[in-house]
Every structure is written in structure tokens, then in C-alpha cells.
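Below is one structure, written out as C-alpha cells; comments come after it.
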Amino acid sequence: MKKIAKLSLVAAVAVAGFSTANAQPLEEAIKNVEVSGSVVYRYNDENNDTAVDKNSDTNNNYKVALNLSSKVNEDVKFNSRFVIAKPNGSDSDFAKLNTQTEADANPEVRLSHAYFGYTGIANTTVNVGKQGLTTPWTVAIDSDGGEQNGTGILALSTVGPVTLAAAYFNQTNLDTTAAKGLLVTGNVGANDIVTVGAIADLDVVTLDAWYLDLAETFDSYTIGAKADLDLSGIKLGVDARYASLSLDDRAQVVSGLKEDNSIAKIALTAKAGIVNGKLAYAMTDKDGGLTALDNDANTTLLGWNLNANGKADADYWQAVVGVDVLSNLNLSANYGNIEYKEGTDKVEGEEIYAQLTYKMSKNLSTYVRYGLLTIDETSAAGVKNEITDGTVGRLQVEYTF
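According to the working numbering, the residues represented by the sequence shown are 100 to 500, in order.
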């Protein structure tokens with residue numbers, strides 16, 4: 100983060116609501132204000148050529164975020180986040196404007212974070228207020244995706260190599276989460292959340308263990324291990340995780356899902372010279388694979404158009420091979436295949452795409468990707484139906500500050 104140079108918006112926020120009694124010169128009011136943020140534009144082009152559902156969809160997507168941090172005193176900071184994204188009461192994902200069926204529109208500014216951070220105790224941070232849900236099941240901040248936030252308290256304390264975490268939230272935006280379609284249990288955003296976790300940084304490997312309870316909905320735990328190695332110039336990475344989620348009785352009845360859900364996944368990465376690669380695999384429980392409240396969370400596995408979240412008895416493979424054409428230009432080939440159960444039917448999805456990523460500078464990057472997507476469903480009687488068979492394309496530009 101850096102000090103703000105242009106004062107208009109930040110100055111207005113910093114001094115808004117100040118009474119005459121505590122009024123102070125503008126320069127003094129903003130000198131301890133830090134600003135950061137992101138601007139992302141995305142264009143999607145999707146074409147489905149199946150006989151049952153032949154269609155095309157093109158859309159412009161925008162998401163702008165502004166983070167402000169103001170020093171209150173030596174121990175307290177006030178933090179806020181404003182997003183220009185989906186409408187109010189949403190997960191702050193992209194504002195999506197369909198170019199075929201809609202006119203241009205102006206997304207509105209929304210406040211997604213407003214909390215105080217206290218650091219008056221050594222090696223301890225306590226955040227109180229409206230903030231991101233910082234858990235393995237959720238995504239607290241995402242420049243180009245949905246976010247989960249709520250009102251509550253989060254405490255982090257570090258003792259040696261171990262960081263302990265505990266949080267309680269009495270209200271969230273989980274009604275609008277990416278997993279909403281999988282977990283429809285009434286006004287779930289009004290249900291309390293309690294979570295505790297421990298993270299151990301052991302130099303070579305980082306271990307973590309978490310537990311989360313969403314009242315009247317589910318309880319879940321996860322354990323993970325992550326390591327990065329450098330062997331004679333070859334950089335290797337390993338990321339493994341297991342998560343288990345048990346739905347409460349009421350949630351099972353309302354959602355139609357079974358009690359037991361779990362996932363085991365592992366991802367291997369490597370980079371040698373100008374070549375990089377990734378191989379990932381995930382498998383879910385035979386009864387269910389709902390293990391995350393965002394499809395991009397750590398407790399599931401996401402590709403481009405495929406993901407493991409909510410998929411029962413799934414086997415999901417990902418493979419990536421890339422090469423640095425230039426120091427700031429990477430070309431990669433990406434493959435994903437998933438097989439899972441949907442009732443008595445078997446579903447197979449496959450995506451193949453190429454991606455060209457260009458990093459013009461540290462704070463400006465863009466990528467173009469284009470590929471094929473197929474999804475087939477086979478009934479218990481052996482009848483095969485094409486759900487999706489078409490092309491997908493995307494252009495994205497991201498600026499951070």
C-alpha cells in the first residue's frame with residue numbers, strides 16, 4: 100500500500116462526519132491514510148453448439164475495489180473496502196453486462212468492509228466490524244471474483260512459529276455465495292459462524308488445521324500442508340488438503356443433499372528455466388463433495404469452467420504446461436477432466452484451452468484464453484446426452500495500486 104497522491108475521494112472519506120470540535124487541517128487528516136485497490140475488466144465469449152441448447156453469450160464484466168486504511172492511534176486502525184461490482188446484497192463478484200440482451204449500465208459503489216484493527220497486544224491482531232471471512236472455506240478478498248464478508252470479530256495471535264486464529268460472525272453474505280445453489284437452507288446469512296484455526300510455519304512446510312460451524316447448517320474441518328523447494332534451480336511446490344463437511348438434519352432436508360461431504364486434493368507445481376508446469380487431482384466422497392462456500396476457496400478445486408465443489412464421487416484432474424516466451428510473456432496449455440455422479444446419472448466434463456499472459460509491469464497484467472468445453476451426462480440406462488459442446492474465450496485486464 101502507498102500514501103494517496105490525489106486527495107478528492109480519500110479526503111472526502113477521511114473527513115466525512117467530522118464535527119467542528121474535532122475538525123483539523125486537510126493535510127493532517129489524510130497523512131495517515133493508506134490506499135490500495137484494483138481495477139479489472141473481463142470480456143467473456145461462450146458458444147454452445149449442442150442440439151438441445153444451442154446458444155451464445157458475450158458479456159462485459161467490471162470490478163473495481165478501493166481499500167482505505169486510516170491510523171486512529173498507535174494501537175488502532177480503521178479499515179474499509181469499497182467495491183464497484185454486483186448489486187447490493189451480493190457476493191461482490193463482477194458486474195456482468197450482457198452485450199446481446201442488455202444496454203450499457205453503471206454499477207454502483209458498495210461498502211463491503213468497515214472494521215477496526217487493534218494491535219496493542221504483542222504479536223496479536225484483533226479485527227472488529229464488517230470484514231472479509233478469512234477461512235479456508237471462503238474468499239475474503241478477490242480482485243476478480245466473489246467475496247464472503249460478515250460482521251463479527253477475528254483474533255490472530257502468533258506464538259513462535261504458530262499462529263492461532265478464532266472468529267465469530269453473527270451475520271454474513273453467504274446467502275449470495277457461489278455455493279448458494281448447492282446449499283439452499285433459507286436465510287443462511289443470518290446464521291452465526293464460529294471458527295478456530297492453527298497455522299504452523301516450519302520453514303520447509305506450512306501446516307494448518309481449521310474447524311468451522313455454521314449454525315443450523317453444517318460443521319466442517321480441514322487440514323492442509325504446503326511446501327516449496329528449490330533443488331538446483333528447479334522450483335518445486337506441493338499443496339495437499341483434506342476437508343470434511345457434515346450437514347445438519349435441517350440442511351439435508353431443505354437442500355436435498357446428504358450428510359457426509361469430503362474432498363482430498365493435491366497439487367504439484369514445478370518451474371525450471373523458462374518452463375513451468377502443474378498437475379492437480381481431487382477426489383470427493385461418494386455421497387457428496389460440498390466442501391466450500393466459494394468455488395475458489397482452498398477447500399475445493401477450481402479450473403476455468405469446471406470445479407469439484409458439490410460434486411459427489413468425483414475424480415478431477417488438472418494439467419498445465421507453460422513456457423516463458425519472454426520474461427513477461429507466458430504461453431500455457433491447460434487441460435481439465437472431471438467425472439462425478441448426479442443422482443443415478445454419470446457426468447463427465449472436459450476443458451482444453453490455451454492462455455497467453457502478459458505482465459506489462461508489476462501492477463498491470465492481462466491474459467487471453469480460448470478453448471473447448473464439453474459436458475456429457477449418461478443415464479443409468481446408458482443414454483448419453485450432450486449438455487455442453489462449444490467454445491469459450493476470455494480477455495482480462497487487471498490494474499492494481
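We put the CB at the ideal spot given by N, CA and C, even for glycine.
- Taking all protein chains shown into account, do 16 or more other C-beta atoms lie within 10 angstroms of the C-beta of Gly-442, making it buried, or fewer, making it exposed? exposed
- Message: Between which residues of its own chain and Asp-423 is the CB-CB distance below 7 Å, once the five residues before and five after are set aside?
- Response: Ile-373 and Asn-429
- Decide if Asn-290 is buried, meaning its Cβ has at least 16 other Cβ atoms within 10 Å, or exposed. buried
- Taking Asp-414 as part of the beta strand (DSSP E), name the residues at either end of that continuous run. Segment 411-425, the beta strand (DSSP E) holding Asp-414.
- If you draw a straight line from the C-alpha of Ala-396 to the C-alpha of Pro-235, how long is it? 6 Å
- Work out the CA separation of Gly-481 and Ala-239 for me, nearest whole Å. Across the structure, Ala-239 and Gly-481 are spaced so that their CA atoms are roughly 43 Å apart.
- Message: Taking DSSP's pairing of strands, which residues face Arg-493 in a bridge?
- Response: Asn-143 and Arg-468
- Do you know whose CA, among Asp-144, Val-138 and Val-151, lies nearest Ala-184's CA? For the residues Asp-144, Val-138 and Val-151, the minimum Cα distance to Ala-184 belongs to Val-138.
- Could you have a look at Lys-483 and say whether DSSP puts it in helix, strand or coil? strand
- Task: State buried or exposed for Leu-330, treating a residue as buried only when at least 16 other CB atoms are found within 10 Å of its CB.
- Result: exposed
- Would you tell me roughly how many angstroms separate the C-alpha atoms of Glu-201 and Thr-233, rounded to the nearest one? 35 Å
- Task: Would you decide whether Ile-220 is buried or exposed? Buried here means 16 or more other CB atoms lie within 10 Å of its CB.
- Result: Its Cβ having fewer than 16 others within 10 Å, Ile-220 is exposed.
- Message: What would DSSP say about Val-353, mapped onto helix, strand or coil?
- Response: helix
- Counting Cβ pairs, one atom from each stretch, are 3 or more of them under 8 Å apart for the region 194-208 and the region 342-360? no
- DSSP-derived helix/strand/coil call for Leu-196: strand
- Query: Which of helix, strand or coil does DSSP assign to Asn-126?
  - Reply: The sequence shown places Glu at residue 126, rather than the Asn named in the question. Three-state result, Glu-126: helix.
- Query: By Cβ distance, which residues of its chain are closer than 6 Å to Asn-160, with the 5 residues on each side in sequence left out?
  - Reply: Arg-141, Phe-193 and Lys-195
- Answer with buried or exposed for Gly-332, where buried requires no fewer than 16 other C-beta atoms within 10 angstroms of its C-beta. exposed
- For Ser-460, is the classification buried or exposed, using 16 other Cβ atoms within 10 angstroms of its Cβ as the cut-off for buried? exposed
- Task: Leaving out five residues on either side along the sequence, give the residues of the same chain with a beta carbon under 7 Å from the beta carbon of Leu-328.
- Result: Hits under 7 Å: Leu-335.
- Task: Evaluate Ala-371 with the Cβ neighbour count: other Cβ atoms within 10 Å of its Cβ, from every protein chain shown; 16 or more gives buried, anything less gives exposed.
- Result: exposed
- How would you call Val-508, buried or exposed, if buried means at least 16 neighbouring beta carbons within 10 angstroms? Any property of residue 508 remains undetermined from this structure, which presents the chain solely from 100 to 500.
- Spell out a yes or no on whether the region 315-329 and the region 338-345 are touching, meaning 3 or more CB-CB pairs, one atom from each, closer than 8 Å. yes
- Query: With a CB to CB cut of under 6 Å and the five nearest residues on each side skipped, what residues in its chain are close to Ala-418?
  - Reply: Leu-378 and Tyr-434
- Task: Please list, in chain order, all residues of the same chain as Asn-154 whose beta carbon is under 6 Å from its beta carbon, the five residues on each side excluded.
- Result: Asn-147
- Backbone secondary structure at Asp-190 - three-state DSSP: coil
- Task: Identify which residue in Glu-447, Leu-389, Leu-425 and Leu-463 has its Cα closest to the Cα of Tyr-415.
- Result: Glu-447
- Should Arg-349 be labelled buried (16 or more other beta-carbon atoms within 10 Å of its own) or exposed? exposed
- For Asp-156, the nearest candidate out of Thr-149, Lys-162 and Glu-145 (CA to CA): Glu-145
- Item | Enclosing beta strand (DSSP E) for Trp-309 [first to last residue] | 304-313
- Message: If you reduce the DSSP assignment to three classes, tell me which class Gln-245 lands in.
- Response: According to the sequence displayed, residue 245 carries Gly and not Gln. Reduced to three states, the DSSP call for Gly-245 is coil.
- Query: Quick one, are the C-beta atoms of Leu-425 and Val-467 less than 8 Å apart?
  - Reply: no
- Between Ser-256 and Asn-222, which are expected to be in contact by the criterion C-beta below 8 Å, what is the C-beta distance as a whole number of angstroms? 6 Å
- Uninterrupted alpha helix (DSSP H) stretches inside the region 316-356 (no shorter than 4 residues): Secondary structure remark: continuous alpha helix (DSSP H) runs of at least 4 residues inside the region 316-356, in chain order: 348-354.
- Item | Sequence-distant residues of its chain with Cβ nearer than 6 Å to Ala-339 (five each side left out) | Ala-324 and Ile-365
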